[in-house]
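Undergrad: In case it helps, the working numbering puts the sequence shown at residues 68 to 521.
I'd like to ask some things about the structure below.
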Amino acid sequence: MSLLGPEAFLGPLERALRDAGGEAELWAHRRRSAITRYAKNEVHQNAAADETYVQARVVVSGAVGIAGGTSLDAADLRALLSSARAAAELSRPNPDWPGFAEPAAAREPRALDATTARASAQAQADAIRSVAEAARARGMRAAGTHQLELSEDAVANTRGVAAYAPMTMAYLRALVLTDAGGSGWAEDLSSRIDALDPASVAARAIEKAAADHDRARLEPGEYEAVFEELAVAEVLRFLSLTGLTGQTLRDGRSFMAGRLGERVTGPAFSLWEDALDPRTLAIPFDVEGTPKRRVALVERGLARGVVHDRQSAKWLGAESTGHAADPRRYAPGGHAGNLTMAGGDATRERLLAGVARGVLVTRFHYTNTPDPKRATMTGTTRNGTFLVEHGEITRALANLRYEMSALDLFAGIDLLGPQRLARDWWSSNGMGSIVCLCPPVKVARATFIGSSPL
């Protein structure tokens, strides 16, 4: 995967803006993705894509015009700016327009790994072979994906903003299945391919699959629970989308609305947004060219704040925190996409030892929110749900449907394990963009409302 670099990627934007003839902005995003899919212990697909998207925004007499394209060619960029200008001329002035960003220094990019950018399909196949051989040796079948990405972002405007940053991502997941109907799931995520551990991914998924047999149904009710990192990441995704942005705060949909400075969950829960943490996957500025900041969201259970783009900052009399997001995917108002939840030092054994009778949850599936204001979620467990009694896993459980408020869930944290980089299920399938540094947790109460058929 080849890196274009700032001259080839940012340079065309700067040159096109010299003839913009007024206030204008260009943002470009390139994503070079190589994905290898496997099933039944064999690779069945290898695909690569190299896509570039460019957005132009032009302001004419307070009206904003937007146009999108896919080319960095000089003539195409001029045509894109012309289209955006024409759209502005046909639009009404926007009294809430916050203006384009001013130049400001951002941190140096930290999420680029040259080895990952150069990695071949053979390297992906070798990792998959390691997983498949481990599964085959146990008479099991492994399926999943190995994905590598190289992305480049650049933004420039007529006020002098000129920013560029690259990033790499490496991802390996395994779903291991048994002839008895058992399943186990594990994954690794990093900016570096050499940080992925195929042997560990295979071992974790195989362990779950081997224990997943003779499933019992659990009676509905409230139970102690241990949530592994993937399950926690899913909960945090809904907190992000429903309550951690300037838009949701302004609209009154956020659980923080009218409660800033108040207790919203338990004192063991702290959450912040930090794209500058070297352990996460992020670039140091947003799509408007504003440098990203670390933002305290919930501090020891107290609501502290939300993230802003320039629009929500204008609405609420604040400053942008550098969290404008891809407008093809997110509405104005900011997006908290690099969440960090405070962790602890509890080992897996210690987390389980704290459970008298409860549930171990590997991950959640198809979660939705019937009550965003309460951050209430509903969905099902998947690929590794077990009954825990007196600190020991005693049997597999049929997948459980749950309905609970994330706020209530985190009000009952008893123990926290070490942080791990994870994505929720939607983001891992390319349908979202939330990365979490989060711990496994042991909670005093989780509400399960039913079981799937055996």
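Note that CB positions come from ideal geometry on N, CA and C, so glycine has one too.
Remember, it's a predicted structure, so these values are computed and weren't measured experimentally.
Which of the three DSSP states is assigned to residue 71 in this structure?
TA: On the sequence shown, position 4 is the one that residue 71 refers to. Reduced to three states, the DSSP call for residue 71 is coil.
Undergrad: How far does the alpha helix (DSSP H) with residue 274 in it extend, from its first residue to its last?
TA: Counted from its first residue, the sequence shown places residue 274 at position 207. Its alpha helix (DSSP H) spans residues 265 to 278.
Undergrad: Ends of the alpha helix (DSSP H) at residue 250?
TA: The residue given as residue 250 occupies position 183 in the sequence shown. Note, residue 250: premise wrong, no alpha helix (DSSP H); beta strand (DSSP E) at 250 to 257.
Undergrad: Decide if residue 334 is buried, meaning its Cβ has at least 16 other Cβ atoms within 10 Å, or exposed.
TA: For this step, residue 334 is matched to residue 267 along the sequence shown. Exposed.
Undergrad: Please report the distance separating the alpha-carbon of residue 408 from that of residue 86.
TA: The residue labelled residue 408 in the question sits at position 341 within the sequence shown. The residue labelled residue 86 in the question sits at position 19 within the sequence shown. Between residue 408 and residue 86, the C-alpha separation is close to 46 Å.
Undergrad: With C-beta atoms as the reference, is residue 487 less than 8 Å away from residue 505?
TA: Translated into positions along the sequence shown, residue 487 becomes position 420. Translated into positions along the sequence shown, residue 505 becomes position 438. Closer than 8 Å, so yes.
Undergrad: In this structure, does DSSP put residue 472 in helix, strand or coil?
TA: On the sequence shown, position 405 is the one that residue 472 refers to. Note: residue 472 maps to strand in three-state DSSP.
Undergrad: Taking the alpha carbon of residue 262 as the reference point, which residue from 406, 237, 143 and 398 has its own alpha carbon closest?
TA: One-based indexing of the sequence shown puts residue 262 at position 195. Comparing Cα-Cα distances from residue 262 to each of 406, 237, 143 and 398, the minimum goes to 237.
Undergrad: If distances are taken between C-alpha atoms only, which option among 104, 157, 116 and 119 comes closest to residue 130?
TA: By one-based count along the sequence shown, residue 130 stands at place 63. Minimum Cα distance to residue 130 is reached at 157.
Undergrad: Quick one: is residue 359 buried, meaning 16 or more other Cβ sit within 10 Å of its Cβ, or exposed?
TA: For the purposes of this step, residue 359 is identified with residue 292 of the sequence shown, where counting begins at 1. Residue environment: residue 359 is assigned as buried (16 or more neighbouring CB atoms within 10 Å of its CB, all protein chains considered).
Undergrad: Following the continuous beta strand (DSSP E) through residue 117, name the residue where it begins and the one where it ends.
TA: If you number the sequence shown from 1, residue 117 lands on position 50. Its beta strand (DSSP E) spans residues 109 to 127.
Undergrad: Who does residue 405 pair with in a DSSP beta bridge?
TA: Along the sequence shown, read from residue 1 onward, the residue named residue 405 stands at position 338. Residue 405 is bridged to 502.
Undergrad: Under a Cβ-count criterion, where at least 16 other Cβ atoms within 10 Å of its own Cβ denotes burial, should residue 190 be classed as buried or exposed?
TA: Reading the sequence shown from its first residue, position 123 is the one you call residue 190. Its Cβ being crowded by 16 or more others within 10 Å, residue 190 is buried.
Undergrad: Return yes when the Cβ of residue 123 is within less than 8 Å of the Cβ of residue 93, no when it is not.
TA: Residue numbering aside, residue 93 sits at position 26 when the sequence shown is read from its first letter. Residue numbering aside, residue 123 sits at position 56 when the sequence shown is read from its first letter. Yes; because the gap between Cβ atoms is below 8 Å, this pair is in contact.
Undergrad: Verify whether the separation of the beta carbon atoms of residue 310 and residue 323 is less than 8 Å.
TA: Counted from its first residue, the sequence shown places residue 310 at position 243. Counted from its first residue, the sequence shown places residue 323 at position 256. Their beta carbons are under 8 Å apart, which means residue 310 touches residue 323 by this criterion.
Undergrad: Name the two residues that bound the continuous beta strand (DSSP E) containing residue 339.
TA: Residue 339 sits at position 272 when you count from the first residue of the sequence shown. Unbroken beta strand (DSSP E) run through residue 339: 338 to 340.
Undergrad: Using DSSP with H/G/I as helix, E/B as strand and the rest coil, what is residue 164?
TA: Here residue 164 refers to the residue found at position 97 of the sequence shown. Note: residue 164 maps to coil in three-state DSSP.
Undergrad: Let's test the definition: count the other Cβ atoms within 10 Å of the Cβ of residue 83 and tell me whether it reaches 16, buried, or not, exposed.
TA: Your numbering for residue 83 matches position 16 in the sequence shown. Its Cβ being crowded by 16 or more others within 10 Å, residue 83 is buried.
Undergrad: DSSP three-state label for residue 486, please.
TA: The residue you call residue 486 lines up with position 419 of the sequence shown. Residue 486: coil per DSSP, three-state reduction.
Undergrad: If you draw a straight line from the C-alpha of residue 295 to the C-alpha of residue 265, how long is it?
TA: The sequence position of residue 295 within the sequence shown is 228, counting from 1. The sequence position of residue 265 within the sequence shown is 198, counting from 1. Going from the Cα of residue 295 to the Cα of residue 265 covers about 19 Å.
Undergrad: With a threshold of 8 Å, are at least 3 pairs of Cβ atoms found where one atom belongs to the stretch 159 to 176 and the other to the stretch 241 to 253?
TA: no
Undergrad: Keeping to the same chain, check which residues put their C-beta closer than 7 Å to that of residue 282; ignore five residues upstream and five downstream.
TA: Taking the first residue of the sequence shown as position 1, residue 282 is located at position 215. Hits under 7 Å: 463, 464, 465 and 521.
Undergrad: What is the DSSP secondary structure of residue 455, counted as helix, strand or coil?
TA: As a first step, residue 455 is located in the sequence shown; it is residue number 388 there, counting from the start. Strand at residue 455.
Undergrad: Taking all protein chains shown into account, do 16 or more other C-beta atoms lie within 10 angstroms of the C-beta of residue 498, making it buried, or fewer, making it exposed?
TA: For the purposes of this step, residue 498 is identified with residue 431 of the sequence shown, where counting begins at 1. Confidence in residue 498 is poor, its pLDDT being 44 and thus under 50, which makes the residue's placement unreliable; the coordinate value appears in the next sentence. With fewer than 16 other Cβ atoms within 10 Å, it is exposed.
Undergrad: Under a Cβ-count criterion, where at least 16 other Cβ atoms within 10 Å of its own Cβ denotes burial, should residue 516 be classed as buried or exposed?
TA: Stepping through the sequence shown from its first residue, residue 516 is reached at position 449. Under this definition residue 516 is an exposed residue.
Undergrad: Taking the C-alpha atoms as reference points, what is the distance between residue 456 and residue 424?
TA: Counting from one through the sequence shown, the residue named residue 456 turns up at place 389. Counting from one through the sequence shown, the residue named residue 424 turns up at place 357. Approximately 4 Å between the Cα atoms of the pair.
Undergrad: Thinking just about the alpha-carbon of each residue, which of 470, 477 and 405 is nearest to the one in residue 342?
TA: Here the question's residue 342 lines up with position 275 in the sequence shown. Ranking 470, 477 and 405 by Cα distance to residue 342 puts 405 first.
Undergrad: When DSSP labels each residue in this structure, what does residue 79 get in the three-state scheme?
TA: For the purposes of this step, residue 79 is identified with residue 12 of the sequence shown, where counting begins at 1. Note: residue 79 maps to helix in three-state DSSP.
Undergrad: Which residues in the same chain as residue 184 place their Cβ atom closer than 7 Å to its Cβ, once the five residues preceding and following it in sequence are excluded?
TA: Counting from 1 along the sequence shown, the entry for residue 184 is found at position 117. Excluding sequence neighbours, residue 184 sits near 68, 70, 217 and 235.
Undergrad: Within the same chain, show all residues whose beta-carbon is closer than 8 Å to that of residue 336, passing over the 5 residues directly before and after it, in chain order.
TA: For this step, residue 336 is matched to residue 269 along the sequence shown. 365, 367, 368, 408, 409, 477, 478 and 480.
Undergrad: Where residue 233 and residue 127 are concerned, what is the direct C-alpha to C-alpha distance, given to the nearest angstrom?
TA: Sequence index remark: in the sequence shown, residue 233 carries index 166 (1-based). Sequence index remark: in the sequence shown, residue 127 carries index 60 (1-based). Spanning the alpha carbons of residue 233 and residue 127 requires a straight line of approximately 32 Å.
Undergrad: Just mark residue 271 as buried or exposed, buried being the case when its beta carbon has 16 or more other beta carbons within 10 Å.
TA: Counted from its first residue, the sequence shown places residue 271 at position 204. By the neighbour-count rule (16 or more Cβ atoms within 10 Å), residue 271 is buried.
Undergrad: Identify, in the order they occur along the chain, each residue of the same chain with its Cβ nearer than 7 Å to the Cβ of residue 195, setting aside the five sequence neighbours on each side.
TA: The residue given as residue 195 occupies position 128 in the sequence shown. So the qualifying residues of the chain are 103, 105, 110 and 213.
Undergrad: Might you give, ordered along the chain, the residues of its own chain that have their beta carbon closer than 6 Å to the beta carbon of residue 378, omitting 5 neighbours on each side?
TA: Counted from its first residue, the sequence shown places residue 378 at position 311. The answer, listed in chain order, is 165 and 399.
Undergrad: Just list the beta strand (DSSP E) runs in the stretch 360 to 440, keeping only unbroken ones of 3 residues or longer that don't cross its boundaries, in chain order.
TA: 362 to 366, 405 to 408 and 424 to 438
Undergrad: Please work out which residues of its chain come closer than 6 Å, Cβ to Cβ, to residue 139, disregarding the five sequence neighbours upstream and downstream, and give them in chain order.
TA: The residue labelled residue 139 in the question sits at position 72 within the sequence shown. 79.
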